[in-house]
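Trainee: If you read the sequences in order, they're chains D and B. Going by UniProt numbering, 57 is the number at position 57 of the first sequence; the sequence numbering is gapless. Going by UniProt numbering, 181 is the number at position 181 of the second sequence; the sequence numbering is gapless.
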Amino acid sequence: MAAGTGTMQMDPLFLAMSFYRRRKLEECAEVCTQLLKKNPYDQASWCLKTRALTEQVYVDEVDVDEEGIAEMLMDDNAVAQLPRPGTSLKKPGTSIGHGAPTPGVRPMSQAGRPVSGFVRPGTQSGRPGTMEQAIRTPRTAQTARPVTSASGRHVRLGTASMLSQPDGPFINIAKLNLSKYAQRQNLAKVLFEYIFHHENDVRNALELAAKATEECQFKDWWWKVQLAKSYYRLGMYRDAEKQLKSALRDQDMVDIYLYLCKVYRRLDQPLTAVDIYKKALEKFPGETTLLTGIARIHEELNDMTKAVQLYKEVLHFDNTHVEAIACIATHHFYTDQPEIALRFYRRLLQMGVYNAELFTNLGLCCFFAQQYDMTLNCFERALSLASDENMSDVWYNIGHIAVGIGDIQLAYQCFRLALASNNDHAEAYNNVGVLEMRKGHTEQARAFLQAAAGLAPHMYEPHYNHGLLSLKIGDLQSSHNSISKSLEGYPDHSDSRNVLTQLKEDFAAL
Amino acid sequence: MSSRVDASSDGENQRDEEESPEKSIWLNAHLDPMACLYTFSTSISLADLNADSDYKLLVADLGTGTFDMKLKVFKGTSLYMESAIIDLPIALVSFYMDTNDPRTPAIAVASGPFIYVYKNLRPYFKFTLPPLSVNAVEQDLWNQAKEDKIDVHVLIEMLESLKNEGSEGMLSVRSLKLLSLQPEEVESFANVHKHTTLKRQTVITCMGTMKKSVADDDAVSCLVIGTESKDVYVLDPEAFTVLAKMSLPSVPVFISVNGLFDVEFRIVVACRDGKVYTLKRGSKMAKACIELAAQAVGLERTGKSIIVGCMDNTLQCYSTKGKKLWTVYLPSNILTMSLMDHKARGFKAVMVALSNGEVRIYKEKYLVNTIKMSDAVTALKFGRFGREDSALILITKGGGLFVKILKRTATFEGKDLTPGPPPAQSIKLNVPKKTKLFVDQTLRERDSASGMHRTFQHDLYLLRLMSARSYVSALQKSLNPISSSATEPLKLSAQVQGIGPAFKLTVNLQNISSSVPSSKLLITFQFDDSLYALSKPCIFVPLLVPGLMYAYETLVECISDKGISDVIKVFVLHQGNSIPVITAVINMPVSEALVIV
Numbered sequence: 001m002a003a004g005t006g007t008m009q010m011d012p013l014f015l016a017m018s019f020y021r022r023r024k025l026e027e028c029a030e031v032c033t034q035l036l037k038k039n040p041y042d043q044a045s046w047c048l049k050t051r052a053l054t055e056q057v058y059v060d061e062v063d064v065d066e067e068g069i070a071e072m073l074m075d076d077n078a079v080a081q082l083p084r085p086g087t088s089l090k091k092p093g094t095s096i097g098h099g100a101p102t103p104g105v106r107p108m109s110q111a112g113r114p115v116s117g118f119v120r121p122g123t124q125s126g127r128p129g130t131m132e133q134a135i136r137t138p139r140t141a142q143t144a145r146p147v148t149s150a151s152g153r154h155v156r157l158g159t160a161s162m163l164s165q166p167d168g169p170f171i172n173i174a175k176l177n178l179s180k181y182a183q184r185q186n187l188a189k190v191l192f193e194y195i196f197h198h199e200n201d202v203r204n205a206l207e208l209a210a211k212a213t214e215e216c217q218f219k220d221w222w223w224k225v226q227l228a229k230s231y232y233r234l235g236m237y238r239d240a241e242k243q244l245k246s247a248l249r250d251q252d253m254v255d256i257y258l259y260l261c262k263v264y265r266r267l268d269q270p271l272t273a274v275d276i277y278k279k280a281l282e283k284f285p286g287e288t289t290l291l292t293g294i295a296r297i298h299e300e301l302n303d304m305t306k307a308v309q310l311y312k313e314v315l316h317f318d319n320t321h322v323e324a325i326a327c328i329a330t331h332h333f334y335t336d337q338p339e340i341a342l343r344f345y346r347r348l349l350q351m352g353v354y355n356a357e358l359f360t361n362l363g364l365c366c367f368f369a370q371q372y373d374m375t376l377n378c379f380e381r382a383l384s385l386a387s388d389e390n391m392s393d394v395w396y397n398i399g400h401i402a403v404g405i406g407d408i409q410l411a412y413q414c415f416r417l418a419l420a421s422n423n424d425h426a427e428a429y430n431n432v433g434v435l436e437m438r439k440g441h442t443e444q445a446r447a448f449l450q451a452a453a454g455l456a457p458h459m460y461e462p463h464y465n466h467g468l469l470s471l472k473i474g475d476l477q478s479s480h481n482s483i484s485k486s487l488e489g490y491p492d493h494s495d496s497r498n499v500l501t502q503l504k505e506d507f508a509a510l
Numbered sequence: 001m002s003s004r005v006d007a008s009s010d011g012e013n014q015r016d017e018e019e020s021p022e023k024s025i026w027l028n029a030h031l032d033p034m035a036c037l038y039t040f041s042t043s044i045s046l047a048d049l050n051a052d053s054d055y056k057l058l059v060a061d062l063g064t065g066t067f068d069m070k071l072k073v074f075k076g077t078s079l080y081m082e083s084a085i086i087d088l089p090i091a092l093v094s095f096y097m098d099t100n101d102p103r104t105p106a107i108a109v110a111s112g113p114f115i116y117v118y119k120n121l122r123p124y125f126k127f128t129l130p131p132l133s134v135n136a137v138e139q140d141l142w143n144q145a146k147e148d149k150i151d152v153h154v155l156i157e158m159l160e161s162l163k164n165e166g167s168e169g170m171l172s173v174r175s176l177k178l179l180s181l182q183p184e185e186v187e188s189f190a191n192v193h194k195h196t197t198l199k200r201q202t203v204i205t206c207m208g209t210m211k212k213s214v215a216d217d218d219a220v221s222c223l224v225i226g227t228e229s230k231d232v233y234v235l236d237p238e239a240f241t242v243l244a245k246m247s248l249p250s251v252p253v254f255i256s257v258n259g260l261f262d263v264e265f266r267i268v269v270a271c272r273d274g275k276v277y278t279l280k281r282g283s284k285m286a287k288a289c290i291e292l293a294a295q296a297v298g299l300e301r302t303g304k305s306i307i308v309g310c311m312d313n314t315l316q317c318y319s320t321k322g323k324k325l326w327t328v329y330l331p332s333n334i335l336t337m338s339l340m341d342h343k344a345r346g347f348k349a350v351m352v353a354l355s356n357g358e359v360r361i362y363k364e365k366y367l368v369n370t371i372k373m374s375d376a377v378t379a380l381k382f383g384r385f386g387r388e389d390s391a392l393i394l395i396t397k398g399g400g401l402f403v404k405i406l407k408r409t410a411t412f413e414g415k416d417l418t419p420g421p422p423p424a425q426s427i428k429l430n431v432p433k434k435t436k437l438f439v440d441q442t443l444r445e446r447d448s449a450s451g452m453h454r455t456f457q458h459d460l461y462l463l464r465l466m467s468a469r470s471y472v473s474a475l476q477k478s479l480n481p482i483s484s485s486a487t488e489p490l491k492l493s494a495q496v497q498g499i500g501p502a503f504k505l506t507v508n509l510q511n512i513s514s515s516v517p518s519s520k521l522l523i524t525f526q527f528d529d530s531l532y533a534l535s536k537p538c539i540f541v542p543l544l545v546p547g548l549m550y551a552y553e554t555l556v557e558c559i560s561d562k563g564i565s566d567v568i569k570v571f572v573l574h575q576g577n578s579i580p581v582i583t584a585v586i587n588m589p590v591s592e593a594l595v596i597v
């Protein structure tokens, strides 16, 4: 190529900037390194390299929020230990009553919250009740809950960047004179982001931000937001709130509002967060991130009707919003309107979402909307697209179809396959248990149901099935124990209640 | 039957909501949630102890249940007197034992085989139940033990066989205690007690009073006691001699007496066999009159009807002949029952305390009033307290003492609450409407039904084939955590605990067959040795008994500091066979690095 001949060469800094713009960040960093080798005091290339390295690991702070085990179990920020119904994210069950789906219809997560239509941080694993449960529940590579939010994903990102740089870090933060950099605003902002995102050294980042905001007489909203980010990482939520409110006085920004709401959510004040979102919406009408934020809070408070209303509003402004479409579709599916859910999922497919989850959902919708010719086709595609992670769920759902058409042999195979790809699939254990029960293999059924109950203590089904099994073989005491546990998980389960009344009659009878 | 339960409770709940607090017919006279009383309805009484028309509340307190038992007397709201009782009190009654003036009643507290009688709040007399004959074989055994002819262990063995012959109730307390002791305590117990003479004593289970010859309020009364030896005794109030002894087929638990001893009387007894018996004057044996469906938890009589509260949450009424008159289904368990006899108005009702904290008042089968308490009530008494004619004493499970006074303006309206259709019947179900889309789709389905069916069947065959193939390959690779072979029916589950870098891996192995034990198994692991180090890479499994869960643990240490995680595979192998029986794949959590803040 041209570079090989040596006759014509582009200005390396310009080339680096071009790489940066085209998001070829590694190439950009490489060119900058070459430049810095020639001239170590070249501020422009230093700046560009710093930004390129930051961009590699940059994650939008507003959305990423993973509560660690320590934050959840040793939470001292909650205002009320026994919050009033519908005012806390920690007791989502308290607001049941207005349009909340029951666990009998829509599966619940461990926290007693209906399974969401869209996976986002914090939806996959709920709030465990005890320390033991928190540490024991599947903390695997895919769904691990970090010990604290100070480690977890941030450390992982940090270490990932360390792996890619075998010859030591680019900037040695310990040797930096932070107050010198704080005076030079053009470098300070870049350096801050590097320290915060790439090095993940929140304490030094905070120090730099504090010095820089002082340098500009506390007038730059950007530094205030960065201070708030650092405070948030350190768990000083009230300080973060103060900085963000101050930043809002200087400058109205969607981002700041979103960040403030994130702080309130962490403080378990969902209603305040909703208020802030609404205030922001007055200034930025039709902003979908704000609308989505309110919808998520309603969803987490189990108020599906309101959540769906807001998701529809989101679609009004942005008709390619994947989260909104997925959540509305899930809602329709679980409220007995699979044909409408099918429409929404098809929309997702048209938009180019092409994965196993979507095809599984399409298949289920087709089956329940009685469009049988398309059902199995979808599942076949789902199987071919499935990764190790979601293979078990695809088989599990095919198992449901098999149960639906009465092919017990196929159902059994599918549930066993679900178990083969994910050994901790509690639902599949439960269903295999039920099938064994129907075959009359009491011992096996009991073992499977116990395994299911052990893996997912929040599910009521294994407890109920175990109770039923024990009742059939006349073990009334275990039956009573299991049924009581089932009612703990789902207090309004009428079948469990019937069994309980029958048990009580049996116990009282002479 | 269950629908009736729901219906009645719903109807009554609606009624509860109607009653706002200001409309309550009760005035709160005294509330002491910290009174620390532990007692039951049979152990409280109201009596005019000093003959000054100031009625006192007498409580036989069970203390902690093991010690600190006391007789407590409350005057007004304050504790007036207390005196210790040696054993757990069973029942307390106040009665007039003589015709002397002033008319001060005596208090009788039944406890174990004794009745302690108090007069003027001072111990006056202790009555002991007549001893029963000792089983001859038992007597002989103890005599031999005393003379060291037999060993203690032989003694226990012989007593055990005696007990197993079905004469458990016939053994003395000493023998029963010996049989229940731990092996190391046996010797010393036998040595201490074998020298005293063997006695067989029964204990009192319930107590009541019966007027002797006159029906006046302050007439002399006899004590009527039921015992564990299935007897009912009537005691003379002055001489404390047994006036009459009657036997029952079972152990009495609740007793209700009316009539006069010298004229005609009727004793109704609820027994432990779930039957209610009646005893009449002159009869030596009881007549079974009612067979209950569940154990009785309370027994009261109003006029000619017997009202029994049962363990199956029902309140049942029978005539004295034993004919069932009505049944009321209650929403919760009955804890205690008591009669409410408002003499000034001639109003008689039954109060029922439920485990949900309600106290319901039933006039006949009609619910006339409900009192909601914060805690479940264990003891109830209605009567004259202090100078107030209609006071209600409530003692709760938590030990609180509550006194309520019936308003003078109170009226009890009983109405038939047998409802029509349950209210749930008229609630519309929120069934989503069928959408136009759905209708369109059904049209499509109708038009091309056969085509759809054919495609579906075709796809289904393909799917069956595909799943069968995957299933077979999973079986061949033994990927399943459950083995399906008939020879090794095993189930494996594994858990990881810990934060890292050290983890504990627990492998739970269960033999899920009903009778085939498995043996010669071992557990081994497959892992990346640059990431993890296992303390026990191979575990030998002993014989697995069917049905039991076996847990095997090994420590896993993450030796990499890169923050990466991997899977660990657990294999269960049969010795001498390289193909695993079952496999489990464990996704290891990321080892938490040192937190730098």
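Note that beta-carbon positions come from the ideal geometry of N, C-alpha and C, so glycine has one too.
Determine whether the Cβ of Gly-104 of chain D lies closer than 9 Å to any Cβ atom of chain B.
Mentor: Answer no: the Cβ-Cβ gap between Gly-104 of chain D and chain B never drops below 9 Å.
Trainee: Once you ignore the five residues that flank Ile-482 of chain B on each side, which residues in its own chain have a CB closer than 6 Å to its CB?
Mentor: Cβ within range, chain order: Lys-491.
Trainee: Just the C-alpha distance for Leu-383 of chain D and Gly-399 of chain D, rounded to the nearest angstrom, thanks.
Mentor: So the two alpha carbons sit approximately 13 Å from each other.
Trainee: Within a Cβ cutoff of 6 Å, which residues of the same chain sit near Gln-510 of chain B, ignoring the five residues on either side of it in sequence?
Mentor: Result list for Gln-510 of chain B: Lys-491, Met-549, in chain order.
Trainee: So who's on the other strand from residue 598 of chain B, going by DSSP bridges?
Mentor: Because chain B is modelled from 1 through 597, residue 598 of chain B falls outside the range shown and cannot be assessed.
Trainee: If we define contact as Cβ-Cβ less than 9 Å, is Tyr-372 of chain D a contact residue for chain B?
Mentor: It does; some Cβ of chain B falls within 9 Å.
Trainee: I need the DSSP call for Tyr-58 of chain D, collapsed to helix, strand or coil.
Mentor: It is coil, neither helix nor strand.
Trainee: Does any CB atom of chain D fall closer than 9 Å to the CB of Glu-445 of chain B?
Mentor: It does; some Cβ of chain D falls within 9 Å.
Trainee: Quick check on the DSSP output: what are the complete alpha helix (DSSP H) runs of length 4 or more inside the stretch 420-506 of chain B, in order along the chain?
Mentor: Counting only runs of 4 or more, we get 436-447, 449-476.
Trainee: Could you tell me the alpha carbon to alpha carbon distance between Thr-42 of chain B and Arg-272 of chain B, rounded to whole angstroms?
Mentor: If you take the alpha carbons of Thr-42 of chain B and Arg-272 of chain B, they lie about 17 Å apart.
Trainee: So which residues of chain B does Ile-340 of chain D contact, with C-beta pairs closer than 8 Å?
Mentor: In chain order: Thr-435, Leu-437.
Trainee: Over the uninterrupted beta strand (DSSP E) stretch that includes Tyr-532 of chain B, give me the two end residues.
Mentor: Where Tyr-532 of chain B is concerned, the enclosing beta strand (DSSP E) stretches over 532-534.
Trainee: Give a yes or no on whether the minimum CB-CB distance between Gly-474 of chain D and chain B is below 9 Å.
Mentor: Chain B, which has no Cβ nearer than 9 Å to the Cβ of Gly-474 of chain D, makes this no.
Trainee: Identify whether Glu-147 of chain B lies in helix, strand or coil by the three-state DSSP scheme.
Mentor: Correct three-state label for Glu-147 of chain B: coil.
Trainee: From Pro-103 of chain D to Glu-82 of chain B, what does the alpha carbon distance come to, in whole angstroms?
Mentor: The straight-line gap from Cα to Cα measures roughly 56 Å.
Trainee: What residues in its chain sit with their C-beta under 6 Å from that of Glu-488 of chain B, if we drop five residues either side in the sequence?
Mentor: Ser-518, Val-581, listed in sequence order.
Trainee: Taking 9 Å as the CB-CB cut-off, is Ser-390 of chain B touching chain D?
Mentor: No, Ser-390 of chain B lies away from the interface with chain D (no Cβ there is under 9 Å from its Cβ).
Trainee: Strictly under 9 Å for the Cβ-Cβ distance: is Pro-491 of chain D near chain B by that measure?
Mentor: Closer than 9 Å: no.
Trainee: Could you tell me whether the Cβ of Phe-359 of chain D comes closer than 9 Å to any Cβ of chain B?
Mentor: It does not: the Cβ of Phe-359 of chain D has no partner Cβ on chain B nearer than 9 Å.
Trainee: Taking the C-alpha atoms as reference points, what is the distance between Ala-508 of chain D and Val-359 of chain B?
Mentor: Their backbone Cα atoms lie some 21 Å apart in a straight line.
Trainee: Determine whether the Cβ of Met-351 of chain B lies closer than 9 Å to any Cβ atom of chain D.
Mentor: Not an interface residue.
Trainee: Examine chain B for any beta-carbon lying closer than 9 Å to the beta-carbon of Leu-469 of chain D, and answer yes or no.
Mentor: Not an interface residue.
Trainee: Applying a beta-carbon distance threshold of less than 8 Å, which residues of chain B neighbour Arg-343 of chain D?
Mentor: Neighbours of Arg-343 of chain D on chain B, chain order: Leu-437.
Trainee: Drop a sphere of 10 angstroms on the beta-carbon of Ala-551 of chain B, count the other beta-carbons inside from all chains shown, and report buried for 16 or more, exposed for fewer.
Mentor: By the 10 Å Cβ count, Ala-551 of chain B comes out exposed.
Trainee: Counting along the chain, where does the beta strand (DSSP E) carrying Gln-450 of chain D start and finish?
Mentor: Premise fails: Gln-450 of chain D lies in the alpha helix (DSSP H), 442-455, not in any beta strand (DSSP E).
Trainee: Would you mind telling me which residues of chain D sit closer than 7 Å to Ile-512 of chain B, beta carbon to beta carbon, in chain order?
Mentor: Result: Glu-443, Gln-444, Ala-447.
Trainee: Roughly how many angstroms separate the alpha carbons of Asn-430 of chain D and Ser-392 of chain D, rounded to a whole number?
Mentor: If I take the Cα positions, the gap works out to 14 Å.
Trainee: Using a threshold of 9 Å, state whether the C-beta atoms of Tyr-372 of chain D and Thr-455 of chain B are closer than that.
Mentor: In contact: Tyr-372 of chain D and Thr-455 of chain B (Cβ atoms closer than 9 Å).
Trainee: Is DSSP giving Thr-378 of chain B helix, strand or coil here?
Mentor: Correct three-state label for Thr-378 of chain B: strand.
Trainee: For the stretch 41-54 of chain D, which residues have a beta carbon sitting closer than 8 Å to at least one beta carbon of chain B?
Mentor: Cβ contacts with chain B come from no residue of the stretch 41-54 of chain D.
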